[in-house]
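For reference, the structure discussed in these notes is given below.
Numbering (this note's numbering), first residue to last: 4 to 181.
Below, the structure written as structure tokens:
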């Protein structure tokens with residue numbers, strides 16, 4: 004039934020869902036597990052760095068990336084989609100710095116990246132990003148850490164701790180018990 008609705012980004016299925024978003028979320032759920040944990044003095048983000056071949060140069064694969072000196076990002080899902088968003092995040096952060104002569108606050112960067120992700124859910128000729136992001140940052144003005152999750156739909160959430168990717172339900176359950 005949903006096959007009739009999967010080609011157009013802006014056509015809702017009878018159940019009220021955009022099927023392309025469901026496909027993007029499936030790509031995230033099949034991706035490597037990623038975890039983020041916020042403490043009072045910082046944030047830890049981690050992921051599994053599994054190589055598909057022993058022939059890969061282990062230093063050429065980066066899953067945890069800096070955006071600015073105080074903001075970092077990890078992903079679950081499709082690596083090429085992450086690279087596009089990572090470059091866009093760095094560009095947005097640099098534009099903010101050139102305009103205001105200070106580092107972009109983490110919540111503002113998250114909001115801007117989420118806007119980019121949301122635009123790809125309704126624009127012709129593109130598909131939603133098949134990646135969810137965990138963005139960790141330290142706010143120098145407020146002297147506190149942040150941990151956000153951005154989903155392919157453009158929705159974003161602040162977390163104390165969360166998990167993405169394969170077995171994310173088990174990961175979240177484990178974190179909730181701690």
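Quick reminder that beta carbons are idealized off the backbone N, C-alpha and C, glycines included. None of these values were measured; they are calculated from a predicted model.
What do you reckon, are the CB atoms on residue i and residue j nearer than 8 Å?
i	j	result
residue 180	residue 165	no
residue 79	residue 168	yes
residue 81	residue 136	no
residue 2	residue 161	Coverage of the chain is limited to positions 4 through 181, which leaves residue 2 absent and any answer about it impossible.
residue 116	residue 91	yes
residue 88	residue 119	yes
Excluding the five sequence neighbours on either side, which residues of its own chain have a C-beta within less than 8 Å of the C-beta of residue i, listed in chain order?
i	result
residue 148	41, 42, 43, 44, 45, 46, 139, 140, 141 and 142
Given a threshold of 16 other Cβ atoms within 10 Å of its Cβ, counted over all protein chains shown, does residue i qualify as buried or as exposed?
i	result
residue 102	exposed
residue 50	buried
residue 34	buried
residue 163	exposed
residue 58	exposed
residue 23	buried
residue 124	buried
residue 4	Only weak support is given to the placement of residue 4: the predicted model assigns it a pLDDT of 44, under 50, and the value that follows is read from those uncertain coordinates. Residue 4 should be labelled exposed.
Comparing alpha-carbon positions, which option in the options lies nearest residue i?
i	options	result
residue 83	163, 124 and 66	66
residue 172	37, 62, 15 and 16	37
residue 64	48, 123 and 86	86
Does any C-beta atom of chain D lie closer than 8 Å to the C-beta of residue i?
i	result
residue 155	Among the chains in the structure shown there is no chain D, since it carries only a single protein chain.
Whose C-beta lies closer than 6 Å to the C-beta of residue i among residues of the same chain, with five residues either side of it excluded?
i	result
residue 71	96 and 106
residue 99	107
residue 121	157
The ligand COA and residue i: does any heavy atom of the ligand fall closer than 7 Å to the residue's C-beta?
i	result
residue 90	As for the ligand COA, it is missing from this structure, which has no ligand bound.
Residues in the same chain with beta-carbon distance under 7 Å from residue i, minus the five sequence neighbours each way, listed in chain order, please.
i	result
residue 73	106, 140, 141 and 143
Please confirm if the region 149 to 160 is in contact with the region 95 to 107, defined as three or more CB-CB distances below 8 Å between the two stretches. no
Cβ contact (3+ pairs, closer than 8 Å) linking the region 18 to 28 and the region 123 to 132: yes
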